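Every number in my numbering is 40 more than the matching position in the sequence shown, counting from 1. Ideal placement from N, C-alpha and C gives every residue a C-beta, glycine not left out. Predicted, not measured: the structure shown is a model, and the values here were computed from it.
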Amino acid sequence: MRLKFRLLIAFLLTIVLTSLLALFPDIALQTLRIEAFGWQFETRQGAFVVSLLLIFGVLWLIQRLLSALVAGPGQLWQTLRMGGKKRREQRLRDGIAQWLDMRGDYGKRTFKKSRGIIPDWAIALLQTSTISASDQTLAASDDDSLLIALSARIATDPEAKSKPDIATRKAHLEAWLKSQPNSPLALIRMADLAVEEQDWKHAAERLESIWKHGYRSASRAKPQMAQAWLALAKQEPKHGMEYLRKAYRMQPADSHVVLALGYAHIEENNRKAAEKLWLGHLQQHDDRAVASAAFEILNTDALAAFRKLEKQQGTAALQWLRARLAHAGKLDGLAEEALTSLLETNPCREFWRTQADWLAQKEQWQEAMQAYQKALDC
């Protein structure tokens, strides 16, 4: 600021002196004699003043050049560049505003005019940030790693309205991981892409890896991992039990996991294991789907199963199972009493449907119709 102020003063002084000389030509043309060291100089006063100003200007320029040369080449360029910085800064600000507001060409042309304010690699990042996900081109392997990461991040944005195809997004992520192998976001998006592709083997491995590294919380990662292991168990039946046990470790309360593991035990002729699994689940979780599955395997000896569960405490689903077993074991009075009690506290569709079926079996059609209607209304 001090330098600019001095330049302004010198410029104004030059204008004032030039104007005065032009207004008073008689003074400017007067002869000026100077004697010094035995030498005699004779000139016009106006020419002398202009020459003096020029000499001072040249001396100042030489002094600045010498200072810049001593400071180094970079300082030399900074010294010689007398203006334009504020203008380029304002252009950069305008370009960023266009990018934020999504106006015009999102600042593409403005960023080019801002060179010198920010480095070239930052200009490249700003220009890439203006390109939509579907229009992102795959960065070259020798590009700046930041540029590769930014391009891949935009191209694989899960919230993008128009996304590239899976193969393109996968290529972007592979390039990203090649330049930055431990990028948490790249690893997370690669895992999500494997889920989208239904590549369950890689999905399970990648999801487990990002969970163990702390890149995704357990509450978010475990359901996804359980989903992957469940799907993988269907794809590879030979290893189905192994995968289902892994899914169960991830989500021991998930209805789909518990059902799938129980049916797998039955397929291996281990009915007791399925029964233990499902009844233990029903003591903790009000899961009517598991209760229905448990009824199918316990119904073969319903009375014995009822006696076994008669004094057990548990959820409404377990009580519903017990009532159905009592009914199947010809203990109609106990069954109806238990179901009526359940309907008072938990009037849900399954319980009303059970009562309607029992009433229909006794040919009490009017009451059965009312129960079916209540089941539909739930």
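With distances taken Cα to Cα, identify the nearest neighbour of residue i among the options.
| i | options | result |
| --- | --- | --- |
| Ala200 | Glu315, Glu245, Pro224, Asp175 | Asp175 |
| Asp341 | Ala368, Leu317, Trp318 | Ala368 |
| Arg149 | Ile136, Pro159, Trp161 | Ile136 |
| Phe335 | Thr355, Glu308, Gln353, Ala363 | Ala363 |
| Phe391 | Asp417, Lys252, Leu371, Lys210 | Asp417 |
| Pro281 | Glu407, Thr355, Trp269, Gln291 | Per the sequence shown, residue 281 should be read as Met rather than Pro. Here the closest residue by C-alpha is Trp269. |
| Arg347 | Gln323, Ala293, Leu374 | Leu374 |
| Gln323 | His242, Lys126, His305, Lys351 | Lys351 |
| Tyr412 | Glu403, Asp239, Gln395 | Gln395 |
Could you tell me if residue i is buried or exposed, where buried requires 16 or more neighbouring beta carbons within 10 angstroms of its beta carbon?
| i | result |
| --- | --- |
| Trp405 | exposed |
| Glu237 | exposed |
| Thr380 | exposed |
| His409 | According to the sequence provided, residue 409 is Met. The question's His does not apply to it. Met409 should be labelled exposed. |
| Ser257 | exposed |
| Ile206 | exposed |
| Val490 | Because the chain in this structure spans residues 41 to 418, residue 490 falls outside the shown range and cannot be described. |
| Ala333 | buried |
| Ile95 | exposed |
| Leu120 | Reliability of the predicted coordinates at Leu120 is poor, the pLDDT of 46 falling under 50, and the value obtained from them is presented with this limitation in mind. So Leu120 counts as exposed. |
| Lys312 | exposed |
| Arg193 | buried |
| Cys202 | In the sequence on display, residue 202 carries Ser and not Cys. Result: exposed. |
| Gly97 | exposed |
| Leu99 | exposed |
| Arg209 | buried |
| Gln267 | buried |
Here's a check: name, in chain order, each residue in its chain whose Cβ is nearer than 6 Å to the Cβ of residue i, leaving out the five neighbours to either side.
| i | result |
| --- | --- |
| Leu166 | Phe151 |
| Leu301 | Leu284, Tyr288 |
| Ala211 | Leu178 |
| Lys153 | Arg131 |
If you drop the 5 nearest sequence neighbours on each side, which residues of the same chain put their C-beta closer than 8 Å to that of residue i?
| i | result |
| --- | --- |
| Arg246 | Leu227, Met230, Ala231, Ala234 |
| Leu338 | Glu315, Ala345, Leu361, Leu365 |
| Pro419 | Given that the chain is displayed from residue 41 to residue 418, the structure contains no residue 419 and the question cannot be resolved. |
| Thr385 | Ala356 |
For residue i and residue j, I'd like the C-alpha separation in whole angstroms.
| i | j | result |
| --- | --- | --- |
| Ser181 | Ala215 | 7 Å |
| Ala400 | Glu376 | 14 Å |
| Gly320 | Asp326 | 11 Å |
| Leu365 | Pro204 | 55 Å |
| Ser169 | Gly147 | 10 Å |
| Leu132 | Ala164 | 13 Å |
| Lys274 | Leu358 | 29 Å |
| Asp397 | Ala261 | 42 Å |
| Leu272 | Gln264 | 12 Å |
| Ile171 | Met290 | 40 Å |
| Pro221 | Asp160 | 25 Å |
| Leu101 | Leu190 | 45 Å |
| Asp372 | Leu317 | 28 Å |
| Ala415 | Pro387 | 9 Å |
| Glu307 | Pro277 | 11 Å |
| Leu116 | Gln103 | Low confidence applies to Leu116: its pLDDT is 46, below 50, so where it sits in the model is not reliable, and the reading given next is rough at best. Leu116 and Gln103: Cα-Cα distance of roughly 12 Å. |
| Met122 | Asp184 | Only weak support is given to the placement of Met122: the predicted model assigns it a pLDDT of 42, under 50, and the question is left unresolved by the model. |
Give me, in chain order, the residues of the same chain whose beta-carbon lies closer than 7 Å to that of residue i; leave out the 5 immediate sequence neighbours on both sides.
| i | result |
| --- | --- |
| Asp197 | Ala173 |
| Glu129 | Ile157 |
| Ile188 | Ala179, Ala215, Trp216, Ser219 |
| Ser295 | Asp327, Ala329, Val330 |
| Leu343 | Gly369 |
| Glu248 | Met265 |
| Ala17 | Only positions 41 to 418 of the chain appear in this structure, which leaves residue 17 out of reach. |
Does the Cβ of residue i lie closer than 7 Å to at least one heavy atom of the ligand FAD?
| i | result |
| --- | --- |
| Ser257 | Annotation note on the ligand FAD: not contained in the displayed structure, which lists no ligands. |
Do we get a CB-CB distance below 8 Å when we pair residue i with the residues of chain C?
| i | result |
| --- | --- |
| Gly280 | Here there is only one protein chain, and chain C is not present. |
Continuous beta strand (DSSP E) assignments of at least 3 residues falling wholly in the region 144-230: none
Start-end ranges of the alpha helix (DSSP H) lying completely within the region 273-301, minimum 4 residues: 280-290
Whole runs of the alpha helix (DSSP H) within the region 287-367, excluding any shorter than 4 residues: 295-307, 311-324, 328-338, 342-349
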